[in-house]
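Here the sequence shown is numbered in my numbering, starting from 72 and rising by one per residue. All C-beta atoms in this analysis are idealised placements derived from N, C-alpha and C, irrespective of residue type, glycine included. Please read the structure below before turning to the comments.
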Amino acid sequence: MLFRSGAIRIPFEPNSKMLHRTNMQRVELDPAQDRHARAALEAYADSSASDMPWLAEWMRVALGSPEPELTRCAATVERVFDLAHAWAADQPDYARAAWEHVRGRLHDALQRMDLSARKAVEPDSVL
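See the structure below:
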């Protein structure tokens, strides 16, 4: 499996025809410039960790670590939390207020992480 960082090359432009999927051989992601690429690579590293720990470790090192053990995949975290919440709501000991409290804290943490990530990408402003 080959991973190359570089420009994102998608076989279509906004004002041109989309090429058939059979013509698309490779999409290159640029994690340095694209937060979605960073999230995808982090998710791939997480997914491959049990089968290919060496690859997961290499990908995490290549990405650099996010703020103290947080994730670049906030949307995935929120989706999984929603699934867990839906499951818990069907249980006899469900505590709605507790789940909503945790949801609020999780949302706040993910928002702070997103804000920190955006500041890290922006150049320093001069007054």
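Kindly indicate the opening and closing residues of the alpha helix (DSSP H) around residue i.
i	result
Asp117	106 to 119
Glu128	124 to 134
Asp153	145 to 160
Give the secondary structure of residue i by DSSP, where H, G and I count as helix, E and B as strand, and everything else as coil.
i	result
Pro139	Its pLDDT being 49, under 50, Pro139 is placed unreliably in this model, and the value from its coordinates should be taken loosely. Note: Pro139 maps to helix in three-state DSSP.
Classify residue i: buried if its beta carbon has 16 or more other beta carbons within 10 angstroms, exposed otherwise.
i	result
Leu90	Because Leu90 carries a pLDDT of 49, less than 50, the predicted location of this residue cannot be relied on, and no value is offered for it.
Pro102	buried
Leu154	exposed
Ala108	buried
Which whole-angstrom value is the C-beta distance of residue i and residue j, which I expect to be below 8 Å?
i	j	result
Ala127	Ala120	4 Å
Leu181	Val148	6 Å
Trp170	Ala159	6 Å
Next on the checklist: If contact is defined by three or more beta carbon pairs under 8 Å, each pair taking one atom from either stretch, is the region 109 to 116 in contact with the region 141 to 150?
Outcome noted: By the Cβ criterion, the region 141 to 150 is in contact with the region 109 to 116, since at least three pairs of Cβ atoms, one from each stretch, lie closer than 8 Å.
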